[in-house]
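With positions in the sequence shown counted from 1, the corresponding number in the working numbering is that position plus 4. Think of the CB as a built atom: it goes at the ideal place given N, C-alpha and C, for glycine as much as any other residue. What follows is one structure encoded as structure tokens, with my remarks underneath.
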Amino acid sequence: ATCDAMTEDGAVFGGQNNLFEGLENAYALYKPKMMPVYTTCMPEVIGDDLTAFIKNAKQKGHVPEDL
């Protein structure tokens, strides 16, 4: 599973970049066919849109479209 591992910056600016980095690292290391992603308290409280973040990650080439 991949987590955004948010810090104070993520709380202020959102966790999308943290998630992009986590997805890239996990994919580069393991080349999985699927990757579960879960949120923690902070992204839920600040209203991060995980579905949109994953869609953006695919569109921007951080992970393959078919993942």
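In the same chain as residue 43, and ignoring 5 residues on each side of it, the C-beta atoms closer than 6 Å to its own belong to 54, in chain order. Out of 17, 18 and 40, the CA that lies nearest to the CA of residue 5 is found in 40.
Taking the Cβ atoms as the reference, residue 61 lies roughly 16 Å from residue 33, outside the contact range of under 8 Å. Classified as exposed, residue 17 has fewer than 16 neighbouring CB atoms from the shown chains inside 10 Å of its CB. 9 Å or more divides the Cβ of residue 26 from the Cβ of residue 46.
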